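Trainee: Each protein sequence line maps, in turn, to chains A and B. Counting from 1, position 147 in the first sequence corresponds to residue 184 in this note's numbering; the numbering is continuous, with no gaps. Counting from 1, position 39 in the second sequence corresponds to residue 76 in this note's numbering; the numbering is continuous, with no gaps.
There are 2 protein chains.
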Amino acid sequence: MDESVVSKQAMQRMPYYLQKLKEMHAEGKTEISARLFAEMFGFTEIQVRKDLASVSSVHGKPKVGFKISPLIVDIENVLGFKHENKAVIVGAGSLGHALMSHKGFSEYGIEIVAAFDADEDKKGIEISGKPVYGMEQMQKFCNENRIEIGIVAVPQIAAQRVCDSLVLSGIKAIWNFAPLHLTVPRGILVQNENMAASLAMLFKHLRGVSDGTD
Amino acid sequence: MDESVVSKQAMQRMPYYLQKLKEMHAEGKTEISARLFAEMFGFTEIQVRKDLASVSSVHGKPKVGFKISPLIVDIENVLGFKHENKAVIVGAGSLGHALMSHKGFSEYGIEIVAAFDADEDKKGIEISGKPVYGMEQMQKFCNENRIEIGIVAVPQIAAQRVCDSLVLSGIKAIWNFAPLHLTVPRGILVQNENMAASLAMLFKHLRGVSDGTD
């Protein structure tokens, strides 16, 4: 199985398959048909077969379906959820606090090991058992702990500066929660959590509903 | 200006334009060129002109550029950030708590007015000045307050049930933070905040970096 052939779109569907597979596994089920997945998610059966074939060497049999256990392992591998990915977060405000406290992330193989904040009052405190350091300690910490993932949870006005510091600290991938475009050198990935755009889509739908168009 | 002609892709770029325009406005600037935007965001100048023309009746002049103030108003209108959109949230755990406490949402025109939680211990408490009610009060509250937006911030196992309750309460748009596919009747929009997929993209990039491929 060559994970480079998995499309971005398929990657985005994988967490949904994975969640359902885990649920069925917990219920004691051992097999799932592509048809059931297709109905559940509103995809075509061909799409589901193609998605699952792209991540798994275990092909589904017509009428019998896919074996659940090996498929869970294969999808977790492709998603990278079985690796231990250490991350730091910059910004220990309300959003940073929440991300550090969120128990669900461990399931995805990411661990936030420390936070950095420019606020002198936050230096030295712990959030959910993880230390908050001053910004000046970031580079040393990231180098020593070989951190490759940085989470940006600061106000937009500070975000580019923080991003630059993360890049200087050796970070290779940035998960950006600030609503702005970050400029990074080639080879660094920025994954935006564009909540403003999500809200805009919700509002657009609501206006469509009240106009009678959508 | 007919907002229905604004593509989904353009809608997703608008928050970035808006943020930059607000920043420049605060700095006392009055005009921006499409070229500057294009360089800043890595889009083509034609793309920027097309995006801005799709939301604004004030066309940019070659060499002079776009006037910042009316453009801010136009983009905020298209995004729906100037309306007051009331929302309820289901799930007052760590994520729900964070979303309720996040001050940044007011800028986007959304206000979380109440939370609902199945946990008896949470009933009656306040989070950031907003009440937490039991699930049985949801339908009445949403009807009386004409709530159209519901935020799902519960564990995945409870999410579909919560989604069904929101639909029964008259919700027209759901902002889903649980990592699963929600099934809804026609006419209801589900906007997924698929953080698991975002993380998978980050991890994929990191493996690409260490493999020397990407």
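Even glycine gets a Cβ: it sits at the ideal position worked out from N, Cα and C. All of these numbers come straight from a predicted model, not from anything done at the bench.
From the beta carbon of A:D87, is the nearest beta carbon of chain B less than 8 Å away?
Mentor: Within the first sequence, residue 87 of chain A is the residue found at index 50, counting from 1. Rather than Asp, the amino acid found at residue 87 of chain A in this sequence is Lys. Chain B, which has no Cβ nearer than 8 Å to the Cβ of A:K87, makes this no.
Trainee: Would you identify the three-state DSSP class for A:L226, choosing helix, strand or coil?
Mentor: The residue labelled residue 226 of chain A in the question sits at position 189 within the first sequence. Of the three classes helix, strand and coil, the one that applies to A:L226 here is strand, per DSSP.
Trainee: Hey, is A:K241's beta-carbon within less than 8 Å of any beta-carbon in chain B?
Mentor: Within the first sequence, the letter at position 204 stands for residue 241 of chain A. Chain B contact via Cβ: present.
Trainee: Could one say the Cβ of B:I109 lies closer than 8 Å to chain A's Cβ atoms, at least one of them?
Mentor: As a working mapping, residue 109 of chain B is identified with position 72 in the second sequence. No, B:I109 does not count as interfacial toward chain A.
Trainee: Hey, out of A:S94, A:Q56, A:Q197 and A:V125, whose CA is closest to A:M77's CA?
Mentor: Position 40 of the first sequence holds residue 77 of chain A. If we check each option's Cα against that of A:M77, A:Q56 comes out closest.
Trainee: Going by DSSP in three states, A:Q56 sits in which element: helix, strand or coil?
Mentor: If you number the first sequence from 1, residue 56 of chain A lands on position 19. A:Q56: helix per DSSP, three-state reduction.
Trainee: How would you list, in chain order, the residues of chain B whose beta-carbon sits under 8 Å from the beta-carbon of A:Y53?
Mentor: Within the first sequence, numbered from 1, the residue matching residue 53 of chain A stands at position 16. Here the neighbours are P216, L217 and H218.
Trainee: So who's on the other strand from B:V12, going by DSSP bridges?
Mentor: Outside the displayed span of chain B (38 to 251) sits residue 12 of chain B, for which this structure offers no information.
Trainee: Let me see if you follow: with CB-CB separation under 8 Å, is B:M77 close to chain A or not?
Mentor: The sequence position of residue 77 of chain B within the second sequence is 40, counting from 1. Yes, B:M77 lies at the interface with chain A (some Cβ there is under 8 Å from its Cβ).
Trainee: Looking at the strands, I want to know which residues DSSP matches up with A:N213.
Mentor: Residue mapping note: residue 213 of chain A aligns to position 176 of the first sequence, counting from 1. Answer is A:V189 and A:N229, bridged to A:N213.
Trainee: B:E173: buried (16+ other C-beta within 10 angstroms of its C-beta) or exposed?
Mentor: Here residue 173 of chain B is taken as the residue at index 136 of the second sequence, counted from 1. B:E173 is exposed by the Cβ-count criterion.
Trainee: Check whether the Cβ atoms of A:L58 and A:L108 lie closer than 8 Å to each other.
Mentor: Along the first sequence, one-based indexing puts residue 58 of chain A at 21. Along the first sequence, one-based indexing puts residue 108 of chain A at 71. In this structure, A:L108 lies closer than 8 Å to A:L58 by Cβ.
Trainee: Starting from B:N122, find everything on chain A with Cβ-Cβ shorter than 9 Å and list it in chain order.
Mentor: Walking along the second sequence from the start, residue 122 of chain B turns up at place 85. In chain order: L236, L239, F240 and L243.
Trainee: Under a CB-based cut-off of 8 Å, is B:M61 close to chain A?
Mentor: In the second sequence, the residue the question calls residue 61 of chain B occupies position 24. It does not; no Cβ of chain A falls within 8 Å.
Trainee: So, is A:R198 buried or exposed, given that buried needs 16 or more other C-beta atoms within 10 angstroms?
Mentor: Here residue 198 of chain A refers to the residue found at position 161 when the first sequence is read from its first residue. Exposed, because fewer than 16 other Cβ atoms sit within 10 Å of the Cβ of A:R198.
Trainee: In angstroms, rounded to a whole number, what distance separates the CA positions of A:V189 and A:K167?
Mentor: To locate residue 189 of chain A, count along the first sequence from 1; it is residue 152. To locate residue 167 of chain A, count along the first sequence from 1; it is residue 130. Going by the C-alpha atoms only, they are around 17 Å apart.
Trainee: Who are the near neighbours of A:Q193 in its chain, counting only those whose CB is closer than 6 Å to its CB and skipping five residues on each side?
Mentor: Your numbering for residue 193 of chain A matches position 156 in the first sequence. Within the same chain, A:Q193 has close Cβ partners A215, P216 and L217.
Trainee: Closest Cβ-Cβ distance between A:I128 and chain B: below 8 Å?
Mentor: Mapped onto the first sequence, residue 128 of chain A falls at position 91. The sequence given here places Gly at residue 128 of chain A; Ile does not occur at that position. Judged by the 8 Å Cβ criterion, A:G128 is not in contact with chain B.
Trainee: If you count every other CB in all the chains shown that lies within 10 Å of the CB of A:M38, and 16 or more means buried, which is it?
Mentor: Within the first sequence, residue 38 of chain A is the residue found at index 1, counting from 1. For A:M38, the predicted structure reports a pLDDT of 43, less than 50, and the residue's modelled location is therefore unreliable. The matter cannot be settled from this model.
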